[in-house]
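Residue numbers (this note's numbering): 47 to 225.
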């Protein structure tokens with residue numbers, strides 16, 4: 047009805063880009079409707095296995111923090127997600143045929159965790175007792191998440207009396223900045 051144009055639909059993406067070949071896009075991950083990427087960091091996480099005597103191994107992840115903003119520009123119930131990607135080499139052969147057009151690397155989503163205390167605005171890596179964990183700032187919360195058995199588990203938290211914009215770890219201190 048009427049002559050008003052339809053509203054364009056915006057969907058945001060996480061791109062894996064090759065800077066050595068004119069910034070060509072190797073792979074994309076499309077975020078959900080009304081979801082915006084708010085922070086991105088590559089960091090090591092240790093795969094902690096409960097009740098195991100094996101030495102835990104660390105792996106490199108690309109961590110993306112997001113927030114949800116509705117079509118009117120308002121935060122949706124102050125929530126976001128933490129996405130964990132690993133960069134994997136593409137398989138060169140498919141049924142014995144080499145595909146030269148296939149990108150050499152791709153994004154592999156390993157885990158996603160919905161964060162309900164606020165939009166994820168900051169990510170940092172915490173190393174304690176040779177275990178790497180991710181520290182995230184969401185709203186007024188700072189949480190410590192541990193990687194193990196294919197999922198993230200919250201192992202610590204702090205409620206700040208401010209909107210956490212950035213977290214910097216320095217020796218044994220967490221430096222928090224306000225939005």
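Ideal Cβ placement from N, Cα and C applies to all residues, glycine included.
Note on geometry: alpha-carbon atoms of residue 210 and residue 49 lie some 44 Å from one another.
Around the CB of residue 214, fewer than 16 other CB atoms lie within 10 Å, so the residue is classed as exposed.
Around the beta carbon of residue 168, a 10 Å sphere encloses 16 or more other beta carbons of the protein chains shown; the residue is thus reported as buried. Between residue 166 and residue 184, the gap from beta carbon to beta carbon is short of 9 Å. Taking C-beta atoms as the reference points, residue 159 and residue 134 fail to come closer than 9 Å. Under the three-state reduction of DSSP, residue 184 is assigned to strand.
Ranking 186, 86 and 192 by CA distance to the CA of residue 205 puts 186 first. Apart from sequence neighbours up to five positions away, the residues of its chain that approach residue 102 with a beta-carbon distance below 7 Å are 92, 93, 94, 95 and 177, ordered along the chain. In this structure, the CA atom of residue 106 is about 42 Å from the CA atom of residue 52. Going by DSSP, residue 212 is part of the beta strand (DSSP E) stretching over 210-216.
According to the DSSP assignment, residue 155 belongs to the beta strand (DSSP E) that extends over 151-161. Distance between residue 117 and residue 124, taken at the CA atoms: about 14 Å.
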